[in-house]
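Below is one structure, written out as structure tokens; the observations come after it.
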Amino acid sequence: MLYCPYCRGLPTVRPCNNYCLNVMKGCLANQADLDTEWNLFIDKSLFDNNTGQKHNSQIEEQKPMELC
Numbered sequence: 001m002l003y004c005p006y007c008r009g010l011p012t013v014r015p016c017n018n019y020c021l022n023v024m025k026g027c028l029a030n031q032a033d034l035d036t037e038w039n040l041f042i043d044k045s046l047f048d049n050n051t052g053q054k055h056n057s058q059i060e061e062q063k064p065m066e067l068c
């Protein structure tokens, strides 16, 4: 968005909506390509985190029994 006058701090110049949208699409094109992989990574991380928490709580429940 470096080339949009409004974004460069020139508030008296009206921004061209289509120009700003095109610049944003161009800037985010590489990130959009990562959307599927990123969602898979997040889903796996959340699943692993939740599974790990359940596993840890099961271990904590077993510890008092082992000490007796």
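Here the UniProt record's numbering is used: the first residue of the sequence shown is 1, the next is one more, and so on. Note that beta-carbon positions come from the ideal geometry of N, C-alpha and C, so glycine has one too. Keep in mind that this is a model prediction, so the values were computed, not measured.
Here the C-alpha atom of residue 30 lies approximately 15 Å from the C-alpha atom of residue 21. As the crow flies, the alpha-carbon of residue 32 is around 14 Å from that of residue 40. For residue 9, the secondary structure class from DSSP, reduced to helix, strand or coil, is coil. Look at residue 16 here: in three-state DSSP terms it is coil, with no helix or strand label. In the three-state DSSP reduction, residue 34 falls in the coil class, being neither helix nor strand.
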